[in-house]
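Participant:
Residue numbers (the working numbering): 10 to 232.
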C-alpha cells in the first residue's frame, strides 16, 4: 500500500501554511538568539575586567584574559565571531601577532578556512611579503608586519582579527599587507577596544571595523 501524502493543516491554504511556518521559524530563531545574548552577558561580559588608568591616566583597559581562562566563555566568544561572519564568504582568517592569534586561530578552525598569521619582522624562515606602517609618534613610531609568500591571493576574502583595538595602527598595517598580497579585506575585527585613542576611527578610514564587546557593562572593575 502506498503511503498517503502528508496533508496541510485543516482550513489552511498552502501559502498561509508557509507564512505561518516561516513566522514560527523566525520566532524560534529570535528565542535562540536572545538565549545566546543572555548567555554571552552572563558568561562573557561578566568575565571581562576593566583596569582604570591603564595604559595611561584617563584610559580604561579591558582585559579579556579571564574569558580565555574559561573554556565555556572562550567558546562563546569564538561562536559569536563565527555567527557574525558566517554569511560573508570568508575564505581566510588573518591573525595579528601575537595576541590576535589567540582569537583568530579558533575562529578560522570553526569556519573551516585557513588561518594566516601576520608576523612581526624576522619570524618567517623563508619567502615573505611585508609592509612598514606608522605607529603614532615618538621612539616607537614604526611597525612592520610580514606574511608567508603565497599564503593569500586574489581569490581570497580575508577577515583580519586582533584581540584589541588600541591606536588602530597595527590593523591598518594588516590591511595594507593583505591588500599588497592581492587579497580582499572583508573587515577588521577585535574582541574589545580601548576607547579614547581613536583607534576604531583610524581603522575605519581603511576598512569597515567590528568590535565584538564594545563598552562592556556589568564587568569586573579593578582599580
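Note that the Cβ used here is the ideal one computed from N, Cα and C, for glycine as well.
A quick note: this is a predicted structure, and the numbers were derived from the prediction, not measured.
Which residue marks the beginning of the alpha helix (DSSP H) containing residue 90, and which one marks its end?
Facilitator: Here residue 90 refers to the residue found at position 81 of the chain shown. First-last of the alpha helix (DSSP H) with residue 90: 80-94.
Participant: For residue 196, count the other beta carbons within 10 Å of its own beta carbon; 16 or more makes it buried, fewer makes it exposed. Which is it?
Facilitator: For the purposes of this step, residue 196 is taken as the residue at position 187 of the chain shown. By the 10 Å Cβ count, residue 196 comes out buried.
Participant: Mind checking whether the beta-carbon of residue 153 lies closer than 6 Å to any heavy atom of the ligand GTP?
Facilitator: As for the ligand GTP, it is missing from this structure, which has no ligand bound.
Participant: Taking DSSP's pairing of strands, which residues face residue 71 in a bridge?
Facilitator: Here residue 71 corresponds to residue number 62 of the chain shown, with the count starting at 1. Beta-bridge pairing links residue 71 to 59.
Participant: Note down the Cα distance separating residue 159 from residue 129, rounded to an integer number of angstroms.
Facilitator: For the purposes of this step, residue 159 is taken as residue 150 along the chain shown, with counting starting at 1. For the purposes of this step, residue 129 is taken as residue 120 along the chain shown, with counting starting at 1. If I take the Cα positions, the gap works out to 17 Å.
Participant: Please look up how many angstroms separate the CB atoms of residue 203 and residue 187, rounded, as I've assumed it's under 8 Å.
Facilitator: In the chain shown, the residue the question calls residue 203 occupies position 194. In the chain shown, the residue the question calls residue 187 occupies position 178. About 23 Å separates the two Cβ atoms, so there is no contact after all.
Participant: In terms of residues, what are the limits of the alpha helix (DSSP H) holding residue 189?
Facilitator: Along the chain shown, one-based indexing puts residue 189 at 180. Residue 189 -> alpha helix (DSSP H) spans 178-189.
Participant: What is the DSSP secondary structure of residue 168, counted as helix, strand or coil?
Facilitator: The sequence position of residue 168 within the chain shown is 159, counting from 1. Here residue 168 sits in strand by DSSP.
Participant: Does the pairing of the stretch 114-131 with the stretch 205-212 give three or more beta-carbon distances under 8 Å?
Facilitator: no
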